[in-house]
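Written below as structure tokens is the structure these notes are about.
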Amino acid sequence: MAKIQIITIVANILFILYISRLIIKGKLREEYAIVWVICTVVLMLFAFWRNGLEVMARLTGVYEAPNLVFTGFIFAILIYLLHLSVVASKLYNDNKKLGQEIALLKEEFSKHLAKKE
Amino acid sequence: MPGKVLIVIPCYNEEASLPSLLPELLSTVLPNGYQLEALIVNDCSKDNTSAVAKKHKATVIDLPVNLGIGGAVQTGILYARDNNFDIAIQLDGDGQHPPKELPKMINHHLETGANVVIGSRFLEKEGFQSSFARRLGIRYFHWVNRLLTGLQIYDSTSGFRLFDRKAIELAAVNYPDEYPEPESLVVFSKAGLKIAEVAVVMAPRQSGRSSIRSFGSLYYCFKVSLAMLFSFIRKP
Numbered sequence: 105m106a107k108i109q110i111i112t113i114v115a116n117i118l119f120i121l122y123i124s125r126l127i128i129k130g131k132l133r134e135e136y137a138i139v140w141v142i143c144t145v146v147l148m149l150f151a152f153w154r155n156g157l158e159v160m161a162r163l164t165g166v167y168e169a170p171n172l173v174f175t176g177f178i179f180a181i182l183i184y185l186l187h188l189s190v191v192a193s194k195l196y197n198d199n200k201k202l203g204q205e206i207a208l209l210k211e212e213f214s215k216h217l218a219k220k221e
Numbered sequence: 042m043p044g045k046v047l048i049v050i051p052c053y054n055e056e057a058s059l060p061s062l063l064p065e066l067l068s069t070v071l072p073n074g075y076q077l078e079a080l081i082v083n084d085c086s087k088d089n090t091s092a093v094a095k096k097h098k099a100t101v102i103d104l105p106v107n108l109g110i111g112g113a114v115q116t117g118i119l120y121a122r123d124n125n126f127d128i129a130i131q132l133d134g135d136g137q138h139p140p141k142e143l144p145k146m147i148n149h150h151l152e153t154g155a156n157v158v159i160g161s162r163f164l165e166k167e168g169f170q171s172s173f174a175r176r177l178g179i180r181y182f183h184w185v186n187r188l189l190t191g192l193q194i195y196d197s198t199s200g201f202r203l204f205d206r207k208a209i210e211l212a213a214v215n216y217p218d219e220y221p222e223p224e225s226l227v228v229f230s231k232a233g234l235k236i237a238e239v240a241v242v243m244a245p246r247q248s249g250r251s252s253i254r255s256f257g258s259l260y261y262c263f264k265v266s267l268a269m270l271f272s273f274i275r276k277p
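So the protein lines, in turn, are chains A and B. Take 105 as the starting number for the first sequence in this note's numbering and just add one per residue. Take 42 as the starting number for the second sequence in this note's numbering and just add one per residue.
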């Protein structure tokens, strides 16, 4: 086994341990962890299967195998960023509704207090 | 029983203009025996907007986070819906919209039965007409609106607006957040509401400055155009 394979595999194991720790501690929700787990699985696959990249490049018609890595990962990152924008938009809408609801309740509550006095 | 009218005033740091606006507003006599309530929606102001408004006997809703003009107006609309107001009128807190024009808008609503009445500064060229660049932008939105809704709205960015019960119900659940004025017209017209315009005289703002300036205005045009287009495509 080549040096780089060992480094990749060790880094991968550390990464997956860190993700697990985040999930266990409740700092990362499982639905967002899926993409990271898939990334590690893919990296792990190519760490063991050294010729895999060449094979995939030939299959997809990419001349230089590393370009396939860049293309694939940039595409995946873009999709994930879009997903995060969707999450942020949903959070914004939920926050807005909560803020409005709290403000309306506060006003109603102060009216009740004033009536009681 | 006379109807109830809610005046929704979205405010961000308006402590300077409220002391002259509120007494004038609260002494305004509305047609048809309509009862008036002034509602200040304080959008997380950093000054004493809330205290000043309470001192002048307005109902005050303090938003816990800054929601922007759309979210603030919608909060007022929600209040109108939950408290069974017949009409809600949005009026800016900076003194640009004189309360003495309110009867005109209500009368226009009563005469035409329009669900949304917009106070327009361009129908009769009177009063504050805004700067050249801004008028250019407003003409552009007039054109986009005409394209998308077939409506002839000259002052589609005007924040001086009357909502009747039907429009209140709709805006309570569907009102744009950022720069909502032109976009909401697309939403209203798609829902089949009748939109009318009535000439009003506006004043230049008394204090504060516009939220739309320099580079922001390019962003404004782009964002609002996009939002209008998608509101148009979206199913009501």
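Where a beta carbon is used, it is the ideal one built from N, C-alpha and C, also for glycine. Predicted, not measured: the structure shown is a model, and the values here were computed from it.
For the pair B/D127 and B/L259, the Cα-to-Cα distance works out to about 37 Å. The beta carbon of B/L192 sits closer than 8 Å to the beta carbons of N186, L226, S230, I236 from its chain, once the five residues preceding and following it are set aside; these are given in chain order. If you draw a straight line from the Cα of A/A169 to the Cα of A/F150, it is about 12 Å long. DSSP places B/R202 within a strand segment (E or B) once states are collapsed to three.
Only those residues of the region 199–216 of chain A whose C-beta falls short of 8 Å from the nearest C-beta of chain B are listed: N199, K200, G203, Q204, I206, A207, L208, K210, E211. Contact between B/A94 and B/L104 is absent: CB atoms are separated by about 13 Å, not below the 8 Å threshold. Not a single C-beta of chain A is nearer than 8 Å to the C-beta of B/T190.
Its Cα nearest to that of B/I147, the residue B/L47 stands out among B/L47, B/V265, B/F273. Neighbours of B/D218 in chain A, taken as residues whose beta carbon is under 9 Å from its own, are Y196, N197, K200 in chain order.
Taking C-beta separations shorter than 8 Å and ignoring five residues to either side along the sequence, the partners of B/I102 in its chain run L80, I81, V82, N83, T116, G117, Y120, following chain order. In terms of CA proximity to A/I178, A/C143 leads the group A/L126, A/C143, A/K200. Judged by beta-carbon spacing, B/V242 lies beyond the 8 Å limit of B/P144, meaning their Cβ atoms are not closer than that value.
In the structure shown, the three-state DSSP call for B/M243 is strand. By the beta-carbon neighbour count (other beta carbons within 10 angstroms, threshold 16), A/Y122 is exposed. The beta carbon of B/P60 is closer than 8 Å to those of V93, H97 in its chain, skipping five residues each way along the sequence. Here the C-alpha atom of B/S197 lies approximately 14 Å from the C-alpha atom of B/Q170. Ranked by Cα distance from B/L108, the first of A/N155, A/K210, A/L202, A/A137 is A/L202.
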